[in-house]
Each structure stands twice: as structure tokens, then as C-alpha cells.
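Here is the structure we will look at, set down as C-alpha cells.
Protein chains: 2
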Amino acid sequence: MSPGRIPLYRALYEKLRRHIVDGLYREGDLLPSENELCKLHNLTRPTVRKALDLLNNEGFIKRHQGLGSVVHKLPKGIGILSISGTTTAIGRDNLETRTIIKPVLTSWPPDFPFSLSDNEKEVGCMNFTRLRLVSGKPVIYDISYIPNINLPRFTARNLDNKSLFNILRTAYGIEVKGGEQYIKAINAPEPDICSILDIRPETPVLHLQRRIDTNRLNFYLYSILYCNTGGHSLYGIF
Amino acid sequence: MSPGRIPLYRALYEKLRRHIVDGLYREGDLLPSENELCKLHNLTRPTVRKALDLLNNEGFIKRHQGLGSVVHKLPKGIGILSISGTTTAIGRDNLETRTIIKPVLTSWPPDFPFSLSDNEKEVGCMNFTRLRLVSGKPVIYDISYIPNINLPRFTARNLDNKSLFNILRTAYGIEVKGGEQYIKAINAPEPDICSILDIRPETPVLHLQRRIDTNRLNFYLYSILYCNTGGHSLYGIF
DNA sequence: CAGTGGTCTAGACCACAGT
DNA sequence: CTGTGGTCTAGACCACTGA
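Protein chains in written order, with the working numbering: chain H, 3 to 240; chain P, 3 to 240.
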């Protein structure tokens, strides 16, 4: 599958995003004005604005009429409520992912929280779980379900320290477009999850149920997350 | 300054949004195509597309190249993660708001979770709390802090069953533009909050700390929420 | 194939912030 | 005042869907 053409606004977005993340701009700094960016990259203003819209929607900048685009700091993975430490910010360095249960083809759980199409029910799903650790400490346990539709050799893939989204994009041409999630606070669930997250049974835990949209029509990813927020909060913008 | 001119794309967005919420379109229905909407409302395509972008970002529609804009099912939880959800209570009837502590001018709490500018510290803040009830049952306890900057007669206002955002917009010309939040699961906090939410002391509760951006430069609203998710999930899109 | 949304251009006028 | 971002127009070509 070819990488696919990258839109100009997207390329500019990623360039500016990298500059912000890498610290070329600091919190409170002004980005070049829209007209300056036009000249710098040989683009027209709507295209530049679309790139800035993305940065704005993801919280990297805030725009102010008459002033400019102000850098707002902050990391954020695509569509994820990223983790933010209570004391120190978390870079990509100390974030680790371990596969606990490797992908297996199975049928959907009877108590699955999302309604499934007939097609999804019929083909069953890949099921696998991963543990996210911050500075070596377990924080998020992620149970993923992917409909078993045209993903050859997926069960053989190693997901450790790799982005599931990147694998889906590069190997299968599937792009994540967004999603929805339901969030609850619960007391720690089954004992095995407690031990994986290294928490006592009565610990309060965040429980997230997510359905993730892709560029394939009627193809969704599902995941259920348990998150120990004792040391870190989930962070989101809106 | 008067209520402020409403942009064309915004007007179209609100019209379509109302049609979806009112059930004129159902889940899975196709919206009129972009070109049809252009003709119907005498707008150009970029303007129409901007309205659709808003609907898309808030989860009301999903667009598919070659197919059209598909109406998405409405969220069943409480849309506190999305900006539009708080004002109009998507998907939930019987949402009620009661003021528990009326607005009082005070100083900022010593353990305030967000860093404040010197100006904010100097002027102090309005503090008030509200309780959100769904079908008569308490669900969210909302502790709000607003910097005491040029908001005449605010303490005299009645906030019951009114949108704080609407009051700020109509009476003071302040528009909410977005915000950020930190989310944790905790065991139920102080006893008075437990009794207000009608929960036992060991109940797990969602804890949200939010900073909300406005169209006024360096003017933010702050609120701390405790949410009993025993009966309802919080819902969000990304 | 026709129609859809996705991207992009090249202009225009306005409202607001800082000087 | 100048320069900023906010809004809007009127075209164009492409990639994808469904028939």
C-alpha cells in the first residue's frame, strides 16, 4: 500500500507541530503570521489557515484576532486523551507499551458495550491487550477489539512499543479519523487487572470504552481501557 | 457592543444541528450534499464546508468521500467533554441545574490546581457551586471560579437552570472558545460533597479540573467537577 | 458513469490588538 | 495607523462511492 499523498495543509501542520514539540517555539511565543507562512511555504491563506486550525483544535496554539497565533505547549497523541503527570510532564521517552495478550481471533464478548453490525458479528474479532507504563510503572491497561476484516497476518505482528495506528496505516492503509468514548470512575475490576496495574482491589480507576472511526466505511476499532489515575491524570482539550 | 453578528457558517451549523437534534434526520441518514446546501442557503462551498466541519468535529455527522455526510447517532451519556454538550445537554432530557452556593467574591484557594497570572491573583475571584441533576438525581457537582474582572452585578445573577455560558455571552460579550481538563478517578471526597451527590463515602467518583478559554485575552474560567458515574457515563468525541 | 466530499487557489472585506 | 486573524466568495481539479 502506498503511503498516500500528503495534503499541503497537513504537511505544514506537521512541520509546525514538530517545531512546537521540539521547543523551537516556547509557550507564549507567537507563530509567524498567516501571511508570513503563506510566503514562507508558497501557500495561500486558506491552506495555511487549515493547518493552523488543526494545531488549534489539538491545543498546540490559541489564536487571537489582532495579535497572532500563540503557542500553548502540550503534547497530544492523535485523538487520545494523553497522559499528563501530576508533577512532571511525560515525554515519549518514558512511555512504554507491553503486549500482555497477543492477538487472537475470537468471537465478540457477550457483554460488549457497543452495538455491532451484522457483518461485524459474523466475522468475529481480533482481541489483544496491552499495558502502558510511564517510567516503568503500569498506568493503562488497554483491551482492544478489531473486526476480523481483511487484515492478513495481523495476529503475527508484534505490537510492543509500536503504535497500533501506525501499523494499521502503513501495513493496511487504514487511517484513524476520530472516535467516541464513554468515561466512568469505578472501583478496580477483576483481580487479574488489579495485579497487572499493581493496585489494591479497592482503588478507584478510570474506565473508558472507545469506538474509533477509520477511513474505511463501517470499519471501527474498539478498546476498553482501565487507567490508574493515582499518579497521573488524563488530559484533554475541547 | 451588541450581541455580535453571527457568521453565516455558524448560522447554518446551528440550523442543521437543530434539525439533527430534533430528529428531522435520523441516524444513518444523509444530509443534503454540499452543493445542494450551497444552493439552498445561497452560500459558497467553503462556507458550507465550515458549517459541516463544526458538525463533524462535534460528532453529529461523519463525512465519507463519494458518499456524503452521514448523520451520527446521538450520544447517550452526558456530553461534558464536548463544548456544545454542556449548554444544550445533548441526548438527555430532564437535565436540571441548581445553585448550591451563590456567587461570592473571595480570594483564590491556596491549593488551586491551575497556575494563575499576577493579575488574576490580585483581583480575586467569584466562587459559586452548582449541582447538575439528571431525572432528579444528582450527578455532577460543579465548583466554579471566575476572575473578578469587569463583570458588574454578576454576584446578583440567578444561575439556576441557566447556562453560565449564555449569561456570559449575552450580558458580558464573553464567548467560550475551548479549554483543557485533567481527569482522575478518586474515592468520594469531603463528606459534604458526598451528601450533596447522595453517595456513600467509598464511592468512586470522576474528578475533573477544567480551564476554559474565552474570546477575551488572558481571561479564563475555572471549574472543578465531581461526577457520580454510577448511573451515567461522561461522553466525549475526538 | 455522475455525484460526492477533499484539496487548493486568488482574491476581498471586516474586527480587533498594539503602536 | 499597520498588521493580525475572522469571514466569505467563485472558481478549479482530484479521489472516492455507488450504480
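Note that beta-carbon positions come from the ideal geometry of N, C-alpha and C, so glycine has one too.
Contacts with chain H (Cβ-Cβ distance below 8 Å) from the region 63 to 77 of chain P involve 64, 66, 69, 77, listed in chain order. If you draw a straight line from the Cα of residue 117/H to the Cα of residue 228/H, it is about 20 Å long. Across the set 48/H, 7/H, 101/H, 134/H, the C-alpha of 101/H shows the shortest separation from the C-alpha of residue 157/H. Of the other Cβ atoms in all chains shown, fewer than 16 fall within 10 Å of the Cβ of residue 168/P; this residue is therefore exposed. Rounded to the nearest angstrom, the gap between the Cα atoms of residue 238/P and residue 183/H is 5 Å. What residue 177/P touches in chain H, judged by beta-carbon distance under 9 Å, is nothing: the nearest beta carbon there is about 12 Å away. At least one CB atom of chain H sits nearer than 8 Å to the CB of residue 206/P. In the DSSP annotation of this structure, the continuous segment of the alpha helix (DSSP H) that includes residue 194/H starts and ends at 193 to 199. Burial state of residue 215/H is buried, judged by a 10 Å Cβ sphere holding 16 or more other Cβ atoms. For residue 113/P, DSSP assigns no beta-bridge partner whatsoever. Flagged as an interface residue toward chain P: residue 231/H, by a C-beta distance shorter than 8 Å.
At a cut-off of 8 Å, the C-beta of residue 235/P has a neighbouring C-beta in chain H.
By the beta-carbon neighbour count (other beta carbons within 10 angstroms, threshold 16), residue 30/P is exposed.
At least one CB of chain P lies nearer than 8 Å to the CB of residue 184/H. Under DSSP, residue 99/H takes part in a beta bridge, and its partners are 134/H. Listed by position along chain H, the residues whose Cβ is nearer than 7 Å to that of residue 180/P are 239, 240. Taken in chain order, the complete alpha helix (DSSP H) segments of 4 or more residues contained in the region 157 to 228 of chain H are 166 to 174, 193 to 199. Contact between the region 172 to 188 of chain H and the region 205 to 221 of chain H is established, with three or more Cβ pairs separated by less than 8 Å. Here the alpha carbons of residue 128/H and residue 106/H stand approximately 5 Å from one another. Using a Cβ-Cβ cut-off of 8 Å, residue 31/P is close to nothing in chain H; its nearest Cβ partner there is about 15 Å away. Beta-bridge partners assigned by DSSP to residue 107/H: 128/H. Look at residue 151/H here: in three-state DSSP terms it is coil, with no helix or strand label. Distance from the CA atom of residue 113/H to the CA atom of residue 72/P, rounded to whole angstroms, is 27 Å.
The C-beta of residue 7/P has fewer than 16 other C-beta atoms within 10 Å across all chains shown, which makes the residue exposed. When DSSP reads this structure, residue 144/P sits in a beta bridge with 132/P, 227/P.
In this structure residue 190/P is in contact with residue 205/P, their Cβ atoms being roughly 5 Å apart against a cut-off of 8 Å. When the five nearest sequence neighbours on each side are left out, the beta carbons in the same chain lying within less than 8 Å of the beta carbon of residue 109/H are those of 126, 127, in order along the chain. At a C-beta separation below 9 Å, residue 120/P has no neighbours in chain H, since its nearest C-beta there lies roughly 14 Å away. Listed along the chain, the chain P residues whose CB falls inside 9 Å of the CB of residue 215/H are 64. Contact of residue 152/P with chain H is not assigned, every C-beta pair being separated by 8 Å or more.
For residue 155/H, the number of other beta carbons within 10 angstroms of its own is below 16, and it is reported as exposed. The beta-carbon distance between residue 70/H and residue 32/H, rounded to whole angstroms, is 4 Å. This is short enough to meet the 8 Å contact definition. Residue 20/P: member of the alpha helix (DSSP H) spanning 10 to 23, first to last residue. Short of 6 Å from the beta carbon of residue 200/H, and not among the five residues preceding or following it, lie these beta carbons of its own chain, in chain order: 140. Nearest in C-alpha terms to residue 53/H, of all of 220/H, 36/H, 194/H, 193/H, is 36/H.
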